[in-house]
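Number of protein chains: 2
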Amino acid sequence: MTDWKNPPRLFIPGPVKVNEDVLQQLARPTLGHRLKEYSQLHSETVQTLKKMLFTEQNVFLSTSSASGIWEASIRNCVGFDETVLCTCCGAFSDKWADVAKGCGRKVEQLKVDWGQPITPEMVDKELATGKYAAVTLVYNETSTGLTNPLREISKMMKQKYPDVLVFVDAVSAMAALPLHFDELGWDIAFASVQKAFAIPPGLAVAAVSNRALEKSKNVPNRGYYFDFQLWAKSDQKNQTLVTPNIPHIMALNYQCEKLLKEGMENVWSRHAHMGEFVRAWAREKFDLFCEEKYASNTLTTVKNTRGINVAETIKAIQQKHNTVFGNGYGKLKEQTFRIAHMGDITLDDLKELLAWIDDEIG
Amino acid sequence: MTDWKNPPRLFIPGPVKVNEDVLQQLARPTLGHRLKEYSQLHSETVQTLKKMLFTEQNVFLSTSSASGIWEASIRNCVGFDETVLCTCCGAFSDKWADVAKGCGRKVEQLKVDWGQPITPEMVDKELATGKYAAVTLVYNETSTGLTNPLREISKMMKQKYPDVLVFVDAVSAMAALPLHFDELGWDIAFASVQKAFAIPPGLAVAAVSNRALEKSKNVPNRGYYFDFQLWAKSDQKNQTLVTPNIPHIMALNYQCEKLLKEGMENVWSRHAHMGEFVRAWAREKFDLFCEEKYASNTLTTVKNTRGINVAETIKAIQQKHNTVFGNGYGKLKEQTFRIAHMGDITLDDLKELLAWIDDEIG
Chain A
1 MTDWKNPPRL
11 FIPGPVKVNE
21 DVLQQLARPT
31 LGHRLKEYSQ
41 LHSETVQTLK
51 KMLFTEQNVF
61 LSTSSASGIW
71 EASIRNCVGF
81 DETVLCTCCG
91 AFSDKWADVA
101 KGCGRKVEQL
111 KVDWGQPITP
121 EMVDKELATG
131 KYAAVTLVYN
141 ETSTGLTNPL
151 REISKMMKQK
161 YPDVLVFVDA
171 VSAMAALPLH
181 FDELGWDIAF
191 ASVQKAFAIP
201 PGLAVAAVSN
211 RALEKSKNVP
221 NRGYYFDFQL
231 WAKSDQKNQT
241 LVTPNIPHIM
251 ALNYQCEKLL
261 KEGMENVWSR
271 HAHMGEFVRA
281 WAREKFDLFC
291 EEKYASNTLT
301 TVKNTRGINV
311 AETIKAIQQK
321 HNTVFGNGYG
331 KLKEQTFRIA
341 HMGDITLDDL
351 KELLAWIDDE
361 IG
Chain B
1 MTDWKNPPRL
11 FIPGPVKVNE
21 DVLQQLARPT
31 LGHRLKEYSQ
41 LHSETVQTLK
51 KMLFTEQNVF
61 LSTSSASGIW
71 EASIRNCVGF
81 DETVLCTCCG
91 AFSDKWADVA
101 KGCGRKVEQL
111 KVDWGQPITP
121 EMVDKELATG
131 KYAAVTLVYN
141 ETSTGLTNPL
151 REISKMMKQK
161 YPDVLVFVDA
171 VSAMAALPLH
181 FDELGWDIAF
191 ASVQKAFAIP
201 PGLAVAAVSN
211 RALEKSKNVP
221 NRGYYFDFQL
231 WAKSDQKNQT
241 LVTPNIPHIM
251 ALNYQCEKLL
261 KEGMENVWSR
271 HAHMGEFVRA
281 WAREKFDLFC
291 EEKYASNTLT
301 TVKNTRGINV
311 AETIKAIQQK
321 HNTVFGNGYG
331 KLKEQTFRIA
341 HMGDITLDDL
351 KELLAWIDDE
361 IG
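Chains as they are written, first to last, in our numbering: chain A, 1 to 362; chain B, 1 to 362.
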C-alpha cells in the first residue's frame with residue numbers, strides 16, 4: 001500500500017537520503033524576507049557557498065529546481081542572433097538543448113551515445129568553426145552515471161576559446177565532485193539541493209561569473225523570475241528578487257557549514273571512496289555501464305549483465321525493507337539500474353543495500 | 001542583535017505566523033518525485049485545492065513564488081500581437097504590469113491612486129474599446145490593504161466581455177476571502193503559501209481554466225519552467241514538470257485538509273471577524289487608510305493620523321516582545337502601518353499585539 005507518510009528510504013539518484021537533523025532545519029521558525037534576519041541568513045549562506053565553489057564572483061539562490069537555471073542561463077546569456085552548442089550525452093543534457101530551443105535560440109547539438117563522454121577533442125573541433133557564443137556542459141549525467149572530463153574541457157576552452165561562455169549543469173556534482181569555478185573559467189554552474197547537498201527538493205544554487213552578468217545586460221526579453229540583473233540588484237541587499245524558499249535556505253546553511261568544516265578535499269574523497277566501493281561490487285556481480293575512467297562518484301549505473309528483472313528486484317526490496325534504488329533511466333530501463341552514493345548516504349548504508357540486492361539476485 | 005535562529009514573531013503581511021505543527025510537516029521524510037508516494041501526495045493535495053477554490057478545472061503546484069505566476073500568466077496566455085490591460089492600485093499590481101512589459105507584451109495600465117479600488121465601471125470603460133485580450137486584477141493589494149470588488153468586476157466581464165481572459169493575483173486572498181473560480185469565470189488565479197495558507201514561503205498554487213490552457217498551445221516562446229502545456233502533461237501523471245518542493249507540498253496538504261474540514265464559509269467568516277476587530281481598534285486609535293467598504297480582511301493598513309514614529313514603534317516592540325508588524329509599503333512608509341490577520345493568526349494573537357502597540361503610543 002502506497003503511503004506517502006511512510007515513504008521508502010531512498011537510494012535513487014535524487015532526491016537522496018536526508019538526515020533527521022537536516023529535516024529539522026526546515027522546521028525552524030520562518031523569517032520576514034525583507035527583514036534583517038533574512039539578510040543575515042542569506043549573507044552567511046552565500047559566503048559559505050562561495051568558499052565551497054572556490055569563487056569570488058556571484059552565487060545566487062533560486063526558488064526553483066535546477067532546471068529553472070537551464071532556462072535562466074539561456075535567457076540571460078545567449079542572444080537571439082547567437083548560437084549555443086549543447087553537448088548531449090544523456091537525458092538531462094538532451095533536455096537542456098530542448099529548453100534552449102524552447103527559448104527561441106539557435107542551438108546545435110554535439111551528441112554522443114548514452115554512456116559515452118564528451119571529450120575536449122570533440123568540443124575543440126566544434127568550437128573551431130567559430131560560430132558559438134556559449135557551450136552547455138553536464139558535469140555528471142544523472143541518467144547514465146557518467147562524469148564528463150570537465151577539467152580538461154575547461155582548460156582547453158580557456159586556452160583556445162576564452163570568449164565562449166561556459167555553462168555547467170553540476171546538478172549531481174556540486175558538493176561531491178571537485179569544482180573550482182573561478183580557476184576553470186566557468187560562467188554559470190548550478191545544482192539543486194536534493195542531490196549531494198542532501199536536502200529535500202525545492203531550491204537551486206547558481207554561481208554566475210561577472211562577465212556572464214555583464215553580458216545579460218544586453219540580452220533582451222529576459223523575463224522577470226529568472227532575470228540575473230534583477231537577481232544581482234537584490235543580492236546587493238542580501239535579499240532575493242522574489243520571496244525565497246526560506247526553510248530550504250536554512251537547511252542549506254546548515255549543510256554548507258558542515259561540508260566546509262569537513263573540508264572540500266575530504267568531501268570529494270568521501271564520495272570517491274563510496275564510488276569505488278559500489279563499483280567494486282558492480283564489477284564483481286554485474287558490470288559497469290560506463291567506462292571506469294568516466295564512472296561517477298555520486299551514482300553508479302550498473303549494467304544488468306545477469307538479465308535480472310530490475311523492477312521486480314526493486315519491488316521486492318521495497319516490500320521487505322521499505323527501501324528503493326533506481327531503475328535505468330528512460331531507454332536504459334531494465335538494461336541498467338542506478339544506485340546513488342552522495343550527500344549523507346554512508347558506506348554502511350550502501351553495504352546494507354548491496355547485501356539486500358545480493359539476497360534477491362541469489 | 002540580529003539572530004536568524006531566534007526570529008521575531010510575525011505580524012507583517014507575509015510571511016505570516018506558522019504554527020509548530022505545520023512547521024513539522026516540512027520535516028517529514030522526503031519522497032522520490034517520480035515514485036508512487038509523490039503521486040499520491042500530489043493527487044490528494046490538488047483535489048483538496050480544487051474543492052477549496054470551487055473549481056473542476058486545473059490546479060497546478062509551482063516551485064516558485066507567486067511572482068513566477070505573474071510571468072507564467074503572460075508568457076502562456078497573451079500573444080505578442082495582443083494587448084493586456086493591467087489594473088494598478090498599489091505596488092504589486094504595478095509590478096505585474098512591469099513583468100508583462102518585461103515579457104515583451106503590449107501593456108496598457110488602468111491606474112488609480114494607492115488605496116483606491118478598481119471598479120467594474122472603470123474596467124468596463126476600458127474593455128469597451130475592444131482592444132484587450134486579457135485583464136490582470138489583484139484581489140487583495142498587500143501594499144495598501146485594499147480588497148478590490150472582484151465579484152462585481154467578474155460578473156460584469158462575464159456578461160459583457162466573455163472572451164477577455166481574467167487573470168487574478170489572489171496572493172493575500174486565497175484561503176481567506178471568498179473565491180469561486182469556475183462561477184466567476186476566472187482564467188488564472190494564484191497565491192503563494194506564505195500568506196493565508198500559513199506555511200513558510202517556497203511554493204505557489206495556480207488555478208488555470210481549460211480555455212487558458214487551450215490558448216497557451218498557440219502562444220510562442222513560452223519557455224520551459226513555466227510552460228502550462230508541459231505542466232498539464234505532467235499533472236496527468238500526478239507529477240510536476242520539474243522536481244517539486246516536496247516539503248512545502250506536504251505542509252500544504254496538511255493545511256488544506258484542515259481548512260476544508262473547517263469549511264470555507266467558516267474560514268472566510270473567521271477572517272472577516274479578525275478584520276473587523278483590527279479595524280475597530282484602528283478607527284478608535286488612528287484611522288483606516290482605505291475606505292471601510294474596500295478594507296481587507298487579511299491585513300489592515302492603518303493611517304498614521306497621530307504621527308507616531310512607526311519605525312521606532314516597531315523597533316521598540318521587537319526589543320520588548322520579539323514581535324514585528326509592518327511599516328507602510330514603499331511611499332506609504334510612516335504614513336501608514338500594516339497588521340496582518342490571516343492564516344493561523346488568532347484573535348488572541350491580535351489582542352496581544354494591539355495591547356503592545358497601545359502601550360507604546362500611550
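Built from N, CA and C at the ideal position, the CB exists for glycine as well.
Note that the coordinates shown come from a computational prediction; the quantities given were computed from them, not determined experimentally.
### Query
What residues in the stretch 8–26 of chain A bring their beta carbon closer than 7 Å to a beta carbon of chain B?
Within the stretch 8–26 of chain A, the qualifying residues are L10, I12, P15, V18, L23, Q24 and L26.
#### Entry: Interface positions of the stretch 182–205 of chain B facing chain A (Cβ-Cβ less than 9 Å), listed along the chain
For the stretch 182–205 of chain B, which is checked against every Cβ of chain A, the residues closer than 9 Å are S192, Q194, I199, P200, P201, G202 and L203.
#### Entry: Selection of the stretch 224–244 of chain B by Cβ proximity to chain A, strictly under 7 Å
Those residues of the stretch 224–244 of chain B placed with their C-beta closer than 7 Å to a C-beta in chain A are Y224, Y225, V242, T243 and P244, ordered along the chain.
#### Entry: Contacting positions in the stretch 85–106 of chain B - beta carbon closer than 7 Å to chain A
Here the close residues are V99, G102, C103 and G104.
### Query
What does H180/A touch in chain B if you count any residue whose Cβ is under 8 Å from its own?
Here residue 180/A refers to the residue found at position 180 of the first sequence. Going along chain B, no residue has its Cβ under 8 Å from H180/A, so there is no contact; the nearest lies around 27 Å.
### Task
Since I believe N253/B is in contact with T45/B (beta carbons under 8 Å), could you give me their beta-carbon distance rounded to a whole number of angstroms?
The sequence position of residue 45/B within the second sequence is 45, counting from 1. The sequence position of residue 253/B within the second sequence is 253, counting from 1. Confirmed, about 4 Å.
### Query
So which of H180/B, V242/B and I357/B has the shortest CA-CA distance to H321/B?
Position 321 of the second sequence, counted from the first residue, corresponds to residue 321/B. That would be I357/B, whose Cα lies nearest to the Cα of H321/B.
### Message
What are the residues in the stretch 244–256 of chain B lying within 7 Å of chain A by C-beta distance?
### Response
Flagged, chain order: P244, N245, I246, P247 and H248.
### Query
Where DSSP assigns a beta bridge to T83/B, which residues make up the other side?
By one-based count along the second sequence, residue 83/B stands at place 83. Note: T83/B sits in a beta bridge opposite K106/B.
### Message
Closest to G343/B by C-alpha separation, out of M274/B, G90/B and E37/B, would be which residue?
### Response
For this step, residue 343/B is matched to residue 343 along the second sequence. Measuring from the Cα of G343/B, the nearest candidate turns out to be M274/B.
### Task
Tell me whether K50/B sits in a helix, a strand or coil according to DSSP, three-state version.
As a first step, residue 50/B is located in the second sequence; it is residue number 50 there, counting from the start. It is helical.
#### Entry: W70/A: contacting residues in chain B (beta-carbon distance under 9 Å)
If you number the first sequence from 1, residue 70/A lands on position 70. Correct list: Y224 and Y225.
### Task
Tell me, please, whether the CB atom of R338/B is closer than 8 Å to any CB atom in chain A?
Within the second sequence, residue 338/B is the residue found at index 338, counting from 1. Not an interface residue.
### Message
Against chain A, which members of the stretch 283–316 of chain B pass a CB distance test of less than 9 Å?
### Response
Those residues of the stretch 283–316 of chain B that come within reach of chain A (Cβ to Cβ, closer than 9 Å) do not exist; the list is empty.
### C-beta atoms of L386/B and W281/B nearer than 8 Å
What the structure shows of chain B is the stretch from 1 to 362, and residue 386/B is not part of that stretch, so it cannot be assessed.
### C-alpha gap between Q116/B and R151/A, whole angstroms
Taking the second sequence and counting its residues from 1, the one referred to as residue 116/B is at position 116. Taking the first sequence and counting its residues from 1, the one referred to as residue 151/A is at position 151. Cα to Cα, the separation comes out at about 59 Å.
### Message
Let me check understanding here. Comparing Cα to Cα, which of Q319/A, K303/A, L26/A and A189/A lies closest to G74/A?
### Response
For the purposes of this step, residue 74/A is taken as the residue at position 74 of the first sequence. The sequence shown places Ile at residue 74/A, not Gly. Just measuring C-alpha positions, the residue of Q319/A, K303/A, L26/A and A189/A sitting nearest I74/A is A189/A.
### Message
Is the beta carbon of Q194/A closer than 8 Å to that of T243/B?
### Response
One-based indexing of the second sequence puts residue 243/B at position 243. One-based indexing of the first sequence puts residue 194/A at position 194. Closer than 8 Å, so yes.
### Query
If you scan the stretch 236–302 of chain B from start to end, which runs of the alpha helix (DSSP H) of 4 or more residues do you find wholly inside it?
If only complete runs of 4 or more residues are kept, the stretch 236–302 of chain B shows the alpha helix (DSSP H) at 246–262 and 264–285, in order along the chain.
### Query
Among the residues of its own chain, which have a CB less than 6 Å from the CB of P365/A, if the five just before and after it don't count?
Since the displayed chain A opens at 1 and closes at 362, residue 365/A lies outside it and no answer follows.
### T2/B at chain A interface by Cβ criterion, 8 Å
Here residue 2/B refers to the residue found at position 2 of the second sequence. Output row for T2/B: interface = yes.
### Task
Could you have a look at R306/A and say whether DSSP puts it in helix, strand or coil?
Locating residue 306/A in the first sequence gives position 306, counting from the first residue. Looking at R306/A - three-state DSSP - the assignment turns out to be coil, as it is neither helix nor strand.
### DSSP bridge partner residues for R9/A (one or two, in chain order)
Numbered from its first residue, the first sequence carries residue 9/A at position 9. Looking at the DSSP output, R9/A shares a beta bridge with T323/A.
### Spatial distance of K234/B from S172/B (CA atoms)
One-based indexing of the second sequence puts residue 234/B at position 234. One-based indexing of the second sequence puts residue 172/B at position 172. It should be pointed out that residue 234/B corresponds to Ser in this sequence rather than to Lys. The alpha-carbon of S234/B is positioned some 28 Å away from that of S172/B.
#### Entry: Cα-Cα separation, E126/B to E37/B
Here residue 126/B corresponds to residue number 126 of the second sequence, with the count starting at 1. Here residue 37/B corresponds to residue number 37 of the second sequence, with the count starting at 1. Their Cα atoms are separated by approximately 48 Å.
### Message
Let me see if you follow: with CB-CB separation under 8 Å, is Y139/A close to chain B or not?
### Response
For this step, residue 139/A is matched to residue 139 along the first sequence. Taking Cβ atoms only, chain B never reaches closer than 8 Å to Y139/A, which makes this a no.
### Task
Would you kindly work out how many angstroms separate the C-alpha atoms of T298/B and E291/A, rounded to a whole number?
For the purposes of this step, residue 298/B is identified with residue 298 of the second sequence, where counting begins at 1. For the purposes of this step, residue 291/A is identified with residue 291 of the first sequence, where counting begins at 1. C-alpha separation (whole angstroms): 60 Å.
#### Entry: Bridge-paired residues (DSSP) for F60/A
Taking the first sequence and counting its residues from 1, one reaches residue 60/A at position 60. Beta-bridge pairing links F60/A to A206/A.
### Task
Would you please verify whether the beta carbon of Q40/B is less than 8 Å from any beta carbon of chain A?
What you label residue 40/B is simply residue 40 of the second sequence in a count that begins at 1. Interface annotation, Q40/B: in contact with chain A, CB-CB separation under 8 Å.
### Message
Less than 8 Å between the C-beta atoms of S154/B and L184/B, yes or no?
### Response
Your numbering for residue 154/B matches position 154 in the second sequence. Your numbering for residue 184/B matches position 184 in the second sequence. Yes; because the gap between Cβ atoms is below 8 Å, this pair is in contact.
### Buried/exposed call for K131/A, threshold 16 Cβ in 10 Å
Position 131 of the first sequence, counted from the start, is the residue given in the question as residue 131/A. Around the beta carbon of K131/A, a 10 Å sphere encloses fewer than 16 other beta carbons of the protein chains shown; the residue is thus reported as exposed.
### Query
Quick one: which chain A residues come within Cβ less than 9 Å of G32/B?
The residue labelled residue 32/B in the question sits at position 32 within the second sequence. By Cβ distance, chain A contributes P7, P8, L10, I12, G14, P15, V324 and G326.
### Message
Just to make sure I have the definition right: I need the residues of chain B whose C-beta is within less than 7 Å of the C-beta of S64/A. Which are they?
### Response
Looking up residue 64/A in the first sequence gives position 64. T63, S64 and Y225, listed in chain order.
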